[in-house]
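Participant: For what it's worth, my numbering labels the leading residue of the sequence shown as 11, then goes sequentially. A single structure is presented below for examination.
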Amino acid sequence: DEKQAKYWRSSGTPSKLAKLQSPTVATPYKRASTAGNIINTVQWVNDRAKEHYTLQLASGDTLGATEKLVSKITSLERAIFRKTLAGKERFVAIAGDFLSYSEALVAIENLPASFLENEPFIVKFKVIQRQIDEHTKINN
11 DEKQAKYWRS SGTPSKLAKL QSPTVATPYK RASTAGNIIN TVQWVNDRAK EHYTLQLASG
71 DTLGATEKLV SKITSLERAI FRKTLAGKER FVAIAGDFLS YSEALVAIEN LPASFLENEP
131 FIVKFKVIQR QIDEHTKINN
């Protein structure tokens, strides 16, 4: 997945992306309200098909800052999950549930310009689900 992320960053020109079809987003799951914004729960993440793709938008030290960031995306299903990185807890924002890498690529190109500064990347849900499992094991 990291190789694919590097590929789209280096070769994902708008002219190439324009040839791809609009993304087909999987059916939304029940949502939970968090801090006034509708953000999906970890259960939503775990219920996604392992081979589907999502956009990892950013990660932060605090839930509040991560919620504020992800609330700017309203066109895609969104979620925040916790993971442990180098012994520190991080809050990770993801958006979308895409059937294919090319659909996720189109969606990433349509993100607001401010999100591109964070270098969002495409990742399979199985990677996210594994990170959630690892975090749960460490903290239980």
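We treat Cβ as the ideally placed atom computed from N, Cα and C, and that holds for glycine.
Using the Cα positions of K134 and A103, report the straight-line distance between them to the nearest angstrom.
Facilitator: 14 Å
Participant: Quick check: the stretch 112-121 against the stretch 48-61, are at least 3 beta-carbon pairs closer than 8 Å?
Facilitator: Short answer: they don't touch.
Participant: May I ask you to report which of helix, strand or coil DSSP gives E87?
Facilitator: coil
Participant: Three Cβ pairs or more, each shorter than 8 Å: is that satisfied between the stretch 140-150 and the stretch 89-107?
Facilitator: yes
Participant: Please name the residue or residues paired with S110 in a DSSP beta bridge.
Facilitator: According to DSSP, which records beta bridges pairwise, S110 is partnered with nothing at all.
Participant: Along the beta strand (DSSP E) that carries A151, what are the first and last residues, could you check?
Facilitator: An answer regarding residue 151 cannot be provided, because it is not within the stretch 11 to 150 covered by the chain.
Participant: Nearest-angstrom Cα distance between S112 and K98?
Facilitator: 33 Å
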